[in-house]
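Enquirer:
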Amino acid sequence: MATEALLNDDSNKLCAENRTTPEKGYDPEHPPPFFSLHSIRMWICLLLTTAMYICQSMNVSLGMSIVCMVNSTAYQSHNLTEGTNSSLSIGKCQSALDDPESSINAGYDGDLLWSPAQQTLLFSASVYGSFITLFFSGYLADKFGPKFLVMGATSIFVFVSLLTPLAANYSYKLFFVMRILMGLGDGFMFPCSGSLAGRWFPSTEKSTAAALYTSGRQIAASLASLIASNLCASSLKWPSVFYLFGTLGCLFLIIWFIFVSNHPSSNKFICEAERQYLMANCNTTNKKNTNKVPWRKMLTSLPLLSAVFCNFTFILQAAMMQNFLPMFLKENLGLPLHSNGIYTMMPFASQLLFKNICGPAGDYIKRKKIMTDTNCVKMFQTIASIGSSFGMLALLFLSDCENPRMALVYLFVFGTTFSAGICGFFTSLLSIAPMYSGTCFSFSMFFAYLGHFLIPNLLTAIIQMDFYVAYKWHMIILFCVVLHLSSGLIFLFYGSAEVQEWAKPAQQQEKLEEKEIRSVDIYGSALSLDA
């Protein structure tokens, strides 16, 4: 009660700051600022960021942990240089860790006997679970509210993370099933976050909010790799990674339950000025959404489909970096464990920095009408597609074990330009149908997770078929680049950031129809008078 009273008192200060009173509502010329200690929507955004961070940490920590979980000397026969020309840079780099003693000294001294094919399959396991819940998670979020769905999803992550050491040591099959279970929770996160964002952030703040709350994934990917590599190298070993993030998840659930609401109108801590501002500018209501989803119009909407394709290629590249960058750096650059963690952190740390520059910059451009909303998202998406593709190609062809530091530069370029996609296709997904944000995100993330599913399975197929194994990274990265450039080109033609006609509230459409009818009546009356 004391906390609630204190926050309510702080919220009343916001009304004074914006020259309003709770009774009068907000002043349109001085709307409540987003970045303010008294801004509840900023705190909602930060809690979304934390949700993304906690769940993503529990998910991607396997990417770094697995290199110290498995026995790296047990499958030396599967090394990438077998049967290849030793003059290749890939062969020189691989030889740095070919010797069993060198691998152990570098920190890759796990005890689990999992083959390379089994390891890559684990990364697709969570995607199997995600496919199941992605079908309906967004619809449920739009229909009933995302607050408790996020809590349920996070609880699944916590359960799996805390039991991971036990499951992994018991059997590979049990651990595989646990990863599928984690995927069930992951399928709720983006659709529910998109649904909550559609209710809490007006169009002039969507890029900023999207950049901020999705930063949780970059914080997780960068810090989780660094934390995991250090814990793996310590006396606590790899199980401590999963115990740490599982415990953080438990603490987060308590905070989320207390402070988050499905809509500004039902929040206990918000100032009336901010409440009125959001209700007037977010194109949503606190009433249960009784409108039928216009499936046919949605599934044939070119702006939505172009954003969905961009999301697919975006997740394709993200899956490559989050799950397999540590493996790529170990095999191609021969990096020891402590350096691997630092290099893996680079693209995600640079994303974290620059997406939170791009977000406010994009909203400033729209607010000052320097560009239309649509041209703004197209510009940022073009930067993301071209820049990140260049970074991946440079990492593949211009870095090797003899000069590994250049890889840091290319990873930095990748991260900075990749982050612009948040102000591109991601802002488009939040903007074109605020009323159906969760449903649109479910539809989009279903296809995006095909990319998440495709990368590990493609890698597994190459290894199992022994199909030019020495060039597996070349094939994977070139595949990602071609698709990413294609999606950017399609979005340039068909992308949009305007609310689509099929996505407008029924009341608004009725008003438009009434206005059209009145216009026709007036025009008809005028013709009658002329006659």
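Per UniProt numbering, residue 1 is the first one in the sequence shown, and the count goes up by one each step. The beta-carbon is built from N, C-alpha and C at its ideal position, and this holds for glycine as well.
Measure the C-alpha to C-alpha separation of Y410 and S431 and round it to an integer number of angstroms.
Expert: As a first step, residue 410 must be located in the sequence shown, where it is residue number 410. As a first step, residue 431 must be located in the sequence shown, where it is residue number 431. Computed Cα separation, rounded: 32 angstroms.
Enquirer: Is the Cβ-Cβ distance between F175 and A167 less than 7 angstroms?
Expert: The residue given as residue 175 occupies position 175 in the sequence shown. The residue given as residue 167 occupies position 167 in the sequence shown. Contact flag set, yes.
Enquirer: Any chance the CB of T460 is under 6 angstroms from a heavy atom of the ligand MG?
Expert: This structure lacks the ligand MG; in fact it carries no ligand of any kind.
Enquirer: Can you check which of these residues, T427, N403, N323, A280, is closest to F491 by C-alpha distance?
Expert: Reading the sequence shown from its first residue, position 491 is the one you call residue 491. F491 has its Cα closest to that of T427, out of T427, N403, N323, A280.
Enquirer: Out of curiosity, what's the CA-to-CA distance linking T382 and L489?
Expert: Residue mapping note: residue 382 aligns to position 382 of the sequence shown, counting from 1. Residue mapping note: residue 489 aligns to position 489 of the sequence shown, counting from 1. Distance between the alpha carbons of T382 and L489 is about 8 angstroms.
Enquirer: In whole angstroms, give me the CA-to-CA distance for P264 and L47.
Expert: Walking along the sequence shown from the start, residue 264 turns up at place 264. Walking along the sequence shown from the start, residue 47 turns up at place 47. Near 15 angstroms, if we compare the C-alpha coordinates of L47 and P264.
Enquirer: Using alpha carbons as the reference points, say which of P165, T374, D186 lies closest to S155.
Expert: Mapped onto the sequence shown, residue 155 falls at position 155. When only C-alpha atoms are compared, the closest one is D186.
Enquirer: With which residues is V70 paired in a DSSP beta bridge?
Expert: Taking the sequence shown and counting its residues from 1, the one referred to as residue 70 is at position 70. Bridge partners of V70: L112.
Enquirer: Please state whether DSSP places G107 in a helix, a strand or coil.
Expert: Here the question's residue 107 lines up with position 107 in the sequence shown. Residue placement at G107 is flagged as unreliable, the pLDDT there being 49, under the threshold of 50; a coordinate-derived value is accordingly withheld.
Enquirer: Have a look at N340 and F412 and give me their C-alpha separation to the nearest angstrom.
Expert: Start at 1 with the first residue of the sequence shown, and residue 340 comes out as number 340. Start at 1 with the first residue of the sequence shown, and residue 412 comes out as number 412. Cα-Cα distance, rounded: 15 angstroms.
Enquirer: Under 8 angstroms by Cβ, that's how I've got S225 and P326 pegged, so tell me the actual separation to the nearest angstrom.
Expert: Looking up residue 225 in the sequence shown gives position 225. Looking up residue 326 in the sequence shown gives position 326. Yes, S225 and P326 are in contact; Cβ-Cβ is about 7 angstroms, under 8 angstroms.
Enquirer: So, is I258 buried or exposed, given that buried needs 16 or more other C-beta atoms within 10 angstroms?
Expert: By one-based count along the sequence shown, residue 258 stands at place 258. When all chains shown are included, I258 counts as exposed.
Enquirer: Do A228 and K355 have their CB atoms nearer than 7 angstroms?
Expert: Counted from its first residue, the sequence shown places residue 228 at position 228. Counted from its first residue, the sequence shown places residue 355 at position 355. Taking 7 angstroms as the Cβ cut-off, A228 and K355 do not qualify as a contacting pair.
Enquirer: Counting C-beta neighbours from all protein chains within 10 Å, is the total for M52 16 or more, i.e. buried, or is it exposed?
Expert: As a working note, residue 52 is residue 52 in the sequence shown. The residue is buried, with at least 16 neighbouring Cβ atoms inside 10 Å.
Enquirer: When the Cα atoms are used, what is the spatial distance from L335 to G362?
Expert: As a first step, residue 335 is located in the sequence shown; it is residue number 335 there, counting from the start. As a first step, residue 362 is located in the sequence shown; it is residue number 362 there, counting from the start. Approximately 38 angstroms between the Cα atoms of the pair.
Enquirer: Rounded to a whole number of angstroms, what is the C-alpha to C-alpha distance between R199 and Y172?
Expert: Taking the first residue of the sequence shown as position 1, residue 199 is located at position 199. Taking the first residue of the sequence shown as position 1, residue 172 is located at position 172. Going by the C-alpha atoms only, they are around 42 angstroms apart.
Enquirer: Could you tell me whether the region 387-399 touches the region 438-455, where touching means 3 or more Cβ pairs closer than 8 angstroms?
Expert: At 8 angstroms Cβ cutoff, the stretches do not touch.
Enquirer: How far does the alpha helix (DSSP H) with T382 in it reach, from first residue to last?
Expert: Against the sequence shown, residue 382 aligns to sequence position 382. Segment 373-398, the alpha helix (DSSP H) holding T382.
Enquirer: Quick check: the Cα distance between N262 and A141, rounded to an integer number of angstroms?
Expert: In the sequence shown, counting from the first residue as 1, residue 262 sits at position 262. In the sequence shown, counting from the first residue as 1, residue 141 sits at position 141. Approximately 9 angstroms, taken between the alpha carbons.
Enquirer: Grouping DSSP H, G and I as helix and E and B as strand, with all else coil, what is L352?
Expert: Taking the first residue of the sequence shown as position 1, residue 352 is located at position 352. Helix.
Enquirer: Compute the beta-carbon to beta-carbon distance between L196 and M178, rounded to the nearest angstrom, for a pair I have assumed lies under 8 angstroms.
Expert: For the purposes of this step, residue 196 is taken as residue 196 along the sequence shown, with counting starting at 1. For the purposes of this step, residue 178 is taken as residue 178 along the sequence shown, with counting starting at 1. Not a contact, Cβ separation roughly 27 angstroms.
Enquirer: Report buried or exposed for D373, applying the criterion of at least 16 other Cβ atoms within 10 angstroms of its Cβ.
Expert: In the sequence shown, the residue the question calls residue 373 occupies position 373. That one is buried.
Enquirer: So for Q500, helix, strand or coil by DSSP?
Expert: The residue given as residue 500 occupies position 500 in the sequence shown. Q500: coil per DSSP, three-state reduction.
Enquirer: Could you check which residue in C232, Q276, K268 has the C-alpha nearest to that of F201?
Expert: Position 201 of the sequence shown, counted from the start, is the residue given in the question as residue 201. The option with the nearest alpha carbon to F201 is Q276.
Enquirer: Nearest-angstrom Cα distance between S399 and N230?
Expert: Taking the first residue of the sequence shown as position 1, residue 399 is located at position 399. Taking the first residue of the sequence shown as position 1, residue 230 is located at position 230. Their Cα atoms are separated by approximately 25 angstroms.
Enquirer: Taking the alpha-carbon of F188 as reference, which of F447, F131, P239 has the nearest alpha-carbon?
Expert: Counted from its first residue, the sequence shown places residue 188 at position 188. When each option's Cα is compared against that of F188, the closest is F131.
Enquirer: Just mark R296 as buried or exposed, buried being the case when its beta carbon has 16 or more other beta carbons within 10 Å.
Expert: The sequence position of residue 296 within the sequence shown is 296, counting from 1. Its Cβ having fewer than 16 others within 10 Å, R296 is exposed.
Enquirer: Suppose you measure from the CA of P434 to the CA of T300; what does that come to, to the nearest Å?
Expert: The residue labelled residue 434 in the question sits at position 434 within the sequence shown. The residue labelled residue 300 in the question sits at position 300 within the sequence shown. So the alpha carbons of these two residues sit roughly 17 angstroms apart.
Enquirer: Determine the direct distance from the alpha carbon of F245 to that of A407, and round the result to whole angstroms.
Expert: As a first step, residue 407 must be located in the sequence shown, where it is residue number 407. As a first step, residue 245 must be located in the sequence shown, where it is residue number 245. Cα to Cα, the separation comes out at about 29 angstroms.
Enquirer: Report all residues from its chain with a CB closer than 6 angstroms to the CB of A221; omit the five preceding and five following residues, and keep chain order.
Expert: Mapped onto the sequence shown, residue 221 falls at position 221. V60, Q322, F348, listed in sequence order.
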